[in-house]
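Okay, so here's the structure we're looking at.
Protein chains in written order, with our numbering: chain W, 214 to 367; chain D, 44 to 544.
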C-alpha cells in the first residue's frame with residue numbers, strides 16, 4: 214500500500230501486531246457499563262484491531278531502504294539526557310537540574326567553549342526561572358531531596 | 044458583515060496589534076529556520092498563552108501559523124532548504140532564481156502571492172464559516188461520527204509516503220487518546236494502575252514532544268550541516284519586480300488560491316498537498332512549461348498562493364465542527380479549551396464577536412507579514428544564517444521541558460513530552476505520520492462520543508450510519524478516499540518499476 218518502500222517493514226509490522234495484541238487484551242479487560250454494554254470498550258478495541266490488521270499488511274511488504282544509524286548514539290545520548298533531566302528536576306529542583314542539563318545539551322550539539330558552557334549553566338536556569346516562575350507565576354517544580362530555592366528564600 | 048466592526052475594534056487596540064505584529068515576526072523567523080515549523084513554535088508558545096486573554100492568545104498563535112507558512116518560502120528560496128514541507132514546491136523555481144541573482148525578486152513574488160492567497164482563503168472563511176456552522180447545527184451524532192470517520196481515513200491515508208503507516212499513526216493516536224477515564228462511564232482505560240494516567244495524556248505535552256522535541260532529536264542528525272544563502276550575485280536592477288513581470292503570475296495566483304482554499308477545508312490535507320497540486324496544475328496550464336523548474340516566477344507564485352490560502356479555510360472544520368483541519372488547528376483547540384470556549388457550531392452563537400475579531404486579526408496579520416516580507420525578507424535570511432543551530436536547538440530543547448511543565452504544573456507531563464519527542468523522531472524516521480497521530484488524538488474523544496450517542500439513538504445498532512443519507516455519504520467519502528489513494532500509489536509504484544526496468 215505504498216508508492217515506495219518504507220524502512221524496516223518486518224520490524225514495524227511485528228511491532229504494530231504486538232502493540233495491537235497487547236491493546237486488544239487490555240481493551241477486553243475494560244469494565245462493561247452498568248447495563249452490561251461494551252460502550253467504553255468499542256473504540257479502544259477498534260483501534261487495537263486496526264493496528265493488528267495494518268501490522269499484517271506491513272509484513273507483506275518488501276524490504277525498504279536501510280536506516281542511517283550513524284547518529285543514533287547522539288540521539289540515544291539526548292534521550293538519556295532528557296530522562297535524566299526530568300528525574301533531576303524531581304530530586305534537586307529546577308535550578309540545579311537545568312544548570313547541569315544546559316551545558317550537556319550544548320555539548321551534545323557540538324559546543325566546546327568552556328566559557329560558553331559555563332555561561333549556559335548560569336544563564337539558562339536564571340532566565341527560565343525568571344520568565345516562567347517569576348513573571349508568569351507558574352509554581353516551580355521543587356526537588357524532593359534538595360532545592361536551591363529553599364536556600365535562596367532563607 | 045460582522046467583520047467590519049471586528050476590524051475596527053482590533054485596530055483600536057494597540058496591545059492586540061502589538062501581539063499580532065510580534066506573531067508576524069516570530070512566525071516568519073520560525074518558518075524560515077530550516078527544520079523548525081510554525082506548528083513547533085505554536086506548540087512551544089502555547090503554555091505562555093494560557094496567561095493571556097483569549098483573543099490575544101488565539102490571535103498570536105493564529106498569526107504565527109499564517110506567517111510561518113509564508114516564512115518557509117524564505118528558506119526555500121534563499122537556502123535551498125524548505126523551511127516547511129509546503130515550501131518544498133516553492134524551492135523548485137525559487138532557488139534557481141536565487142542562483143541567478145534574483146533572490147529578492149523571487150521573494151517579492153512569493154510575498155505578494157502569499158498575501159493574495161491568504162486574503163482569498165481568509166475572506167472565503169469569513170463569508171462561508173457562519174453558513175457552514177448553521178448547517179453543522181443541523182447534523183446529528185450519526186452524521187458527525189461519519190465526518191470524523193472520513194477525517195480519520197483521509198488524514199491517515201492521504202498524507203505521507205505510506206498508507207499503512209499513516210493509518211497506523213491515526214490508530215495509535217486514537218489509542219493514546221483512550222488512556223484515562225472513559226468520559227461517559229468513568230471506567231479506567233489503559234491506565235495499568237497508574238494514578239497519573241487516569242488524567243489521560245495531555246494535548247500540550249504531546250504536541251510539544253512530537254513537534255518540538257522530536258525536531259530537536261531530528262536536528263541532532265543534521266548538526267554537521269550548515270545553512271548558507273544562495274551565492275548568486277545580487278544586482279539591485281535585476282531585482283526590481285515590474286507589473287509586466289508579475290501580470291502573468293496573476294492567473295496562477297487566482298487559481299492556486301482557490302485550490303489552496305478548497306484543500307484547506309478538507310481535514311488533514313494541509314499546505315504541502317495544496318502547494319504541490321497548485322504547482323502541478325500551474326505547470327500543466329503554463330504557456331511555456333519548459334521554463335518551470337529553471338526559475339519561472341509563476342512557479343514561485345502558484346505554490347505560495349496555494350500554501351497560504353490553506354490557512355483560513357483550514358479553520359472552518361475546527362470552528363464549525365470542532366474537527367481540526369491541520370496540526371495548527373489541533374493546537375488551537377487547546378487554547379479554546381483552556382479559556383473555557385466550547386468550539387463547534389454553537390461557537391457562533393456563544394462567542395461570535397471573538398471569532399470575528401480573530402478573523403480580523405488574521406487579516407491584519409497578513410498585511411503585517413506581507414510588509415515585513417516584502418521589505419525585509421533578505422534581512423531575515425541573513426539573520427537566520429547568523430543563528431548558530433548548535434546553540435538554537437539546545438535552547439529549544441530546554442524550553443520544551445519548561446513549556447511542557449507549565450501546561451499543568453506536573454512533571455509527569457514532562458515525561459510524556461520526552462516519550463512523545465522520541466516517538467515523534469522515530470515516526471519521522473520510519474515514514475509514520477506525526478500529524479495524523481496528533482490530529483487523530485484530538486479527534487478521538489469527539490468521534491467516540493458521537494459514535495456512542497448515535498448508538499444510543501439507534502433502534503437498529505450500526506445500521507443508523509447507513510440509513511441516514513448524510514452519514515452514509517461521509518462514510519463513503521472516507522472509503523473512496525482510501526481506495527483512490529491506494530490506487531494512485533499503486534499506479535505510481537508500477538510506473539517507477541517500469542522506469543527502473
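Note that CB positions come from ideal geometry on N, CA and C, so glycine has one too.
Item	Value
Can you give me the Cβ contacts of residue 443(D) inside the same chain, cut-off strictly under 8 Å, excluding the 5 residues immediately before and after it?	87, 251, 252, 255, 256, 259, 460, 464
Report yes if the CB atom of residue 354(D) is closer than 8 Å to the CB atom of residue 321(D), and no otherwise.	no
Mind reading off the beta-carbon distance from residue 347(D) to residue 133(D)? Whole number of angstroms is fine, and I expect it under 8 Å.	6 Å
Ignoring anything shorter than 4 residues, give me the alpha helix (DSSP H) runs that lie fully in the segment 258-310 of chain W, in order along the chain.	none
How is the alpha helix (DSSP H) around residue 347(D) delimited, first residue to last?	340-352
Any Cβ of chain D within less than 8 Å of the Cβ of residue 323(W)?	yes
Have a look at residue 286(D) and residue 154(D) and give me their C-alpha separation to the nearest angstrom.	15 Å
Tell me, please, which residues DSSP counts as bridged to residue 232(D).	223(D)
Please report whether the beta-carbon of residue 261(W) lies at a distance below 8 Å from any beta-carbon of chain D.	yes
Have a look at residue 421(D) and residue 104(D) and give me their C-alpha separation to the nearest angstrom.	24 Å
Could you give the first and the last residue of the continuous alpha helix (DSSP H) run that contains residue 124(D)?	It is not in any alpha helix (DSSP H) - residue 124(D) carries neither H nor E in the DSSP assignment.
Is residue 479(D) close to chain W? Criterion is C-beta to C-beta, closer than 8 Å.	no
Alpha carbon to alpha carbon, what distance is there between residue 65(D) and residue 407(D)?	12 Å
Tell me where the alpha helix (DSSP H) around residue 60(D) begins and ends.	57-75
Taking only the alpha-carbon atoms, compute the straight-line gap between residue 304(W) and residue 429(D) and give it to the nearest angstrom.	37 Å
On the DSSP bridge assignment, give the partners of residue 294(D) in chain order.	Its beta-bridge partners do not exist; DSSP assigns none.
Any Cβ of chain D within less than 8 Å of the Cβ of residue 304(W)?	no
Are residue 156(D) and residue 412(D) closer than 8 Å when you measure CB to CB?	no
Count the other CB atoms, across all protein chains shown, that sit within 10 Å of the CB of residue 229(D); report buried if there are 16 or more and exposed otherwise.	exposed
I think residue 210(D) touches residue 199(D), with their Cβ atoms under 8 Å apart; what is that distance to the nearest whole Å?	4 Å
For residue 243(W) and chain D, any beta-carbon pair shorter than 8 Å?	yes
Going by the CB atoms, is the gap between residue 381(D) and residue 192(D) shorter than 8 Å?	no
Quick one: does residue 271(W) have its CB under 8 Å from some CB of chain D?	yes
Residue 66(D): beta carbon under 7 Å from a heavy atom of the ligand PLP?	In the structure shown, the ligand PLP is absent, as is every other ligand, since no ligand is present at all.
Residues in the segment 227-253 of chain D with C-beta within 7 Å of chain W's C-beta atoms, listed in sequence order?	227, 228, 230, 232, 233
How many whole angstroms separate the CB atoms of residue 487(D) and residue 216(D), which I take to be in contact at a CB cut-off of 8 Å?	7 Å
What span of residues does the alpha helix (DSSP H) with residue 324(W) cover, start to end?	No alpha helix (DSSP H) contains residue 324(W), which DSSP labels as neither H nor E.
Would a C-beta distance cut-off of 8 Å place residue 232(D) and residue 243(W) closer than the cut-off?	yes
Any contact of the segment 332-348 of chain D with the segment 393-400 of chain D, i.e. 3+ C-beta pairs under 8 Å?	no
Mapping the DSSP letters down to three states, classify residue 205(D) as helix, strand or coil.	strand
Using CA atoms only, rank isn't needed, just tell me which of 56(D), 167(D), 241(D), 323(D) is closest to residue 131(D).	323(D)
Can you give the Cα-Cα distance for residue 231(W) and residue 457(D), rounded to whole angstroms?	26 Å
So is residue 465(D) in contact with chain W if we call contact Cβ pairs under 8 Å?	yes
Tell me which residue opens and which closes the alpha helix (DSSP H) that residue 367(D) is part of.	Neither: residue 367(D) is in no alpha helix (DSSP H) and is coded neither H nor E.
CA-CA distance, residue 272(W) and residue 262(W)?	16 Å
Counting contacts by CB-CB distance shorter than 8 Å, is residue 339(W) in contact with chain D?	no
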